[in-house]
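*Asks:* Sharing a structure with you now.
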Amino acid sequence: IRAAAMRKAEEGLVSMCEERARMLQDQFAVSVNHVHALAILVATFHYEKNPPALDQDTFADYTARTSFERPLLSGVAYAQRVVHADRENFERKQGWIIKTMTKKEPSPVQDEYAPVIYSQETISYIEGFDMMSGEEDRENILRSRELGKAVLTRPFRLMSNHLGVVLTFPVYLTDLPPDAKVEDRVSATAGYLGGAFDVESLVENLLRQLAGNQELVVNVYDVTNISNPLVMYGSEVPLGNPSPSQTCMLDFGDPYRKHHMICGYRNKP
Ligand code: WA2
Numbered sequence: 043i044r045a046a047a048m049r050k051a052e053e054g055l056v057s058m059c060e061e062r063a064r065m066l067q068d069q070f071a072v073s074v075n076h077v078h079a080l081a082i083l084v085a086t087f088h089y090e091k092n093p094p095a096l097d098q099d100t101f102a103d104y105t106a107r108t109s110f111e112r113p114l115l116s117g118v119a120y121a122q123r124v125v126h127a128d129r130e131n132f133e134r135k136q137g138w139i140i141k142t143m144t145k146k147e148p149s150p151v152q153d154e155y156a157p158v159i160y161s162q163e164t165i166s167y168i169e170g171f172d173m174m175s176g177e178e179d180r181e182n183i184l185r186s187r188e189l190g191k192a193v194l195t196r197p198f199r200l201m202s203n204h205l206g207v208v209l210t211f212p213v214y215l216t217d218l219p220p221d222a223k224v225e226d227r228v229s230a231t232a233g234y235l236g237g238a239f240d241v242e243s244l245v246e247n248l249l250r251q252l253a254g255n256q257e258l259v260v261n262v263y264d265v266t267n268i269s270n271p272l273v274m275y276g277s278e279v280p281l282g283n284p285s286p287s288q289t290c291m292l293d294f295g296d297p298y299r300k301h302h303m304i305c306g307y308r309n310k311p
């Protein structure tokens, strides 16, 4: 009888973990797709129209009204690529100075910058910051524009102070063929459309709605480097493997990053 109860508990764990992994992956994917559409919106209305047919108010309004399409993102923003030679002109036109994310002071001289010019109101605090001044954001920007694809950072503390990851799509000035060379991609780069997956608070909400939430412990890890798993959601102290436990692979669409979910019972059944 004990063995049968154990088996039933393990089967329950497998199905509950798979359900959560699938749900998280699906909500992630729809959010990424919608950010992709926003990158196209910026290319179409900011760059393919002269003068640009987009401004902060329009961007804020549109992103607020479509936020239901991006259930796991706390906000989206557009950072423009500015090379140093254009900095003065850019700052004069904008009426503000490019600031660094860390010190929140005027940026020292750099080869290039990525100041946020449009933001969803939920993350309006990032406006004017050079997104290349944060290590994780900078790496994402460079990788996305070289690849021409959406990329994700490792989990880190966002400016909201919540644990999460940043998603970045490159925006180009011209249409590029899928096999375009890296140099051509970099030189055609106009900017970066991205957003913050506030994993800490939004995944909590998602899981709370599911049956069995009380009895389950769910952790998500970035296991890109398998010998150094990084907590993306759940306990800061990895639980080790509570027995029994179930591991489910997750695919968030960036082939460079690997993620998985580990589920266990809060109290051993
Ligand atoms: N967005 C919101 N909160 C953040 C953050 C971020 N990056 N980085 C740290 N906290 C405009 O890749 C371009 C958004 C970066 C996009």
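Following our numbering, the numbering of the sequence shown begins with 43 at its first residue and continues without gaps.
Where is the CB? At the ideal position from N, CA and C, for every residue including glycine.
Classify Leu292 as helix, strand or coil using the three-state DSSP reduction.
*Replies:* Note: Leu292 maps to strand in three-state DSSP.
*Asks:* CA-CA distance, Asp217 and Asn75?
*Replies:* Going by the C-alpha atoms only, they are around 19 Å apart.
*Asks:* Are the beta-carbon atoms of Leu272 and Met65 separated by less than 8 Å?
*Replies:* The answer is no: Cβ separation not under 8 Å.
*Asks:* Can you tell me whether Pro157 is buried or exposed? The criterion is at least 16 other CB atoms within 10 Å of its CB, across all chains shown.
*Replies:* Classification of Pro157: buried, given that the 10 Å Cβ count is 16 or more.
*Asks:* Put Leu252 into one of helix, strand or coil per three-state DSSP.
*Replies:* Of the three classes helix, strand and coil, the one that applies to Leu252 here is coil, per DSSP.
*Asks:* Excluding the 5 residues flanking Ala230 on each side, which residues of the same chain have their C-beta closer than 7 Å to its C-beta?
*Replies:* Hits under 7 Å: Tyr214, Leu215, Thr216, Leu218.
*Asks:* Could you check what DSSP says for Gln69 in three-state terms: helix, strand or coil?
*Replies:* Correct three-state label for Gln69: helix.
*Asks:* Specify whether the segment 263-272 and the segment 149-167 touch according to this definition: at least 3 beta carbon pairs, one from each stretch, less than 8 Å apart.
*Replies:* No, the segment 263-272 does not touch the segment 149-167.
*Asks:* Decide if Pro212 is buried, meaning its Cβ has at least 16 other Cβ atoms within 10 Å, or exposed.
*Replies:* Answer is buried; the Cβ neighbour count reaches 16.
*Asks:* Does the beta-carbon of Ala81, which I'm using as the reference point, lie nearer than 7 Å to any heavy atom of the ligand WA2?
*Replies:* Ala81 Cβ: outside cutoff for every heavy atom of the ligand WA2.
*Asks:* Is the separation between the beta-carbon of Leu205 and that of Asp296 shorter than 8 Å?
*Replies:* Against a cut-off of 8 Å, the Cβ pair of Asp296 and Leu205 comes out as no contact.
*Asks:* What runs of the beta strand (DSSP E), each 3 residues or longer, lie entirely inside the segment 191-216?
*Replies:* With a minimum length of 3 residues, the continuous beta strand (DSSP E) runs that stay inside the segment 191-216 are 205-214.
*Asks:* So is Thr105 buried or exposed if we call it buried at 16+ other beta carbons inside 10 Å?
*Replies:* Thr105 should be labelled buried.
*Asks:* Using 7 Å as the cut-off, classify the Cβ of Ile168 as near or not near the heavy atoms of the ligand WA2, replying yes or no.
*Replies:* Yes.
*Asks:* Please report the residue range of the alpha helix (DSSP H) in which Val228 lies.
*Replies:* Element bounds for Val228: 224-229.
*Asks:* Taking DSSP as the reference, what is the three-state secondary structure of Gly306?
*Replies:* Gly306: strand per DSSP, three-state reduction.
*Asks:* Is Met174 closer than 8 Å to Tyr155 when the C-beta atoms are compared?
*Replies:* Yes; because the gap between Cβ atoms is below 8 Å, this pair is in contact.
*Asks:* Once DSSP output is grouped into helix, strand and coil, what is the label at Met143?
*Replies:* Here Met143 sits in coil by DSSP.
*Asks:* Mind checking who Tyr89 pairs with in its DSSP beta bridge?
*Replies:* None, per the DSSP bridge assignment.
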